[in-house]
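The structure appears below as structure tokens.
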Ligand code: ADP
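Residue numbers (UniProt numbering): 633 to 901.
Put into structure tokens, the structure is as follows:
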């Protein structure tokens with residue numbers, strides 16, 4: 633009897649091992665598939681701007697004698713804009729890697745909401761040149777505990793999207809106000825908004841709304857980074873469509889610190 637039991641136990645263990653191996657093989661195959669899809673997508677995103685740069689630079693050299701100065705200026709403009717886009721894309725990839733490896737350690741210090749909004753607007757000035765921008769700040773907002781670099785990046789990504797997905801000439805609004813123990817910061821635009829089924833999924837990395845204009849080049853990383861950064865500062869970020877009108881609204885909620893945060897110099901030491 634003991635022998636029969638031992639045989640059965642051995643058989644059962646064998647089956648469990650087989651099932652586990654099969655599961656691991658499938659997982660490995662899925663990981664490989666995702667990795668290769670990721671590499672294809674990244675290579676494509678790197679190649680598109682590079683092709684423009686190469687094309688413009690080649691024209692500048694080979695046809696130099698025949699080009700008038702506005703045409704040369706336009707070609708140089710393309711080179712700079714596309715290089716800028718490449719730079720931002722690589723920045724996004726690095727931010728995402730930092731987030732996922734757990735290497736992201738926010739350096740929080742006392743920050744004035746208006747200062748961060750100002751800094752983000754300044755950095756996005758060129759991108760926002762075709763839009764009207766309004767800032768509505770509630771007076772006497774409390775100091776927040778923020779990592780200025782991360783938070784500026786969050787606002788920059790939201791402004792970049794607003795400029796990308798809302799038509800030229802339309803209004804982009806940034807509003808900040810206190811609600812209970814939180815400060816809410818909103819970025820609103822007058823674009824087409826987000827299809828209901830995508831409102832939550834747009835925060836997933838590489839998720840882009842199906843059928844959206846292909847000229848609006850993007851990586852699908854911007855909002856995933858926004859959410860990662862905001863959560864690292866104990867906040868939340870959500871998307872919705874504006875109830876009163878047209879367009880999307882992104883709402884960041886940040887806790888008002890119970891104890892006033894230290895200014896940057898003291899927080900660093
Ligand atoms: P990207 O803009 O590079 O595609 P994001 O992560 O920033 O990546 O955004 C993901 C998707 O969410 C976009 O592709 C777009 O479909 C949608 N989206 C983002 N911001 C807006 C907006 N302000 N209005 C409408 N759709 C938006």
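All residues carry an ideal CB built from backbone N, CA and C; glycine is no exception.
Closest in alpha carbon position to residue 685, among 663, 718 and 703, is 718. Secondary structure at residue 831: coil, using DSSP grouped into helix, strand and coil.
Your pair residue 747 and residue 785 does not check out as a contact, with CB atoms roughly 15 Å apart and the cut at 8 Å. If one requires a minimum length of 3 residues, the beta strand (DSSP E) runs lying completely within the segment 729-809 are 741-743, 764-769 and 776-778, in chain order. The C-beta distance from residue 896 to residue 741 rounds to 4 Å, short enough to fall under 8 Å.
Three or more Cβ pairs drawn from the segment 816-835 and the segment 873-888 lie within less than 8 Å of each other, which places the two stretches in contact. Under the DSSP assignment, residue 672 falls in the alpha helix (DSSP H) whose first and last residues are 634-694.
Taking non-hydrogen atoms of ligand 1 into account, the C-beta of residue 818 is found less than 8 Å away from none of them.
Rounded to whole angstroms, the gap between the alpha carbons of residue 665 and residue 750 is 43 Å. When the alpha-carbon of residue 731 is set against those of 782, 758, 704 and 691, the nearest one is in 782. Under the Cβ criterion (8 Å, minimum of three pairs), the segment 703-710 does not count as touching the segment 824-837.
A distance below 9 Å separates the beta carbons of residue 826 and residue 871. Counted as a single uninterrupted DSSP element, the stretch harbouring residue 838 is not any alpha helix (DSSP H), since DSSP gives it neither H nor E.
Following the DSSP letters along the chain, one finds residue 859 in no beta strand (DSSP E) but inside the alpha helix (DSSP H) bounded by residues 854-864. One thing to note: residue 689 has its Cβ within 9 Å of the Cβ of residue 711.
Ranked by Cα distance from residue 672, the first of 809, 851 and 642 is 851.
Take the alpha-carbon of residue 720 and the one of residue 738: they are about 20 Å apart. Nearest to residue 808 by alpha-carbon distance, out of 771, 682 and 873, is 771.
Looking only at 800, 774, 790 and 814, the smallest Cα-Cα distance to residue 859 is reached by 790. The C-beta of residue 838 has fewer than 16 other C-beta atoms within 10 Å across all chains shown, which makes the residue exposed.
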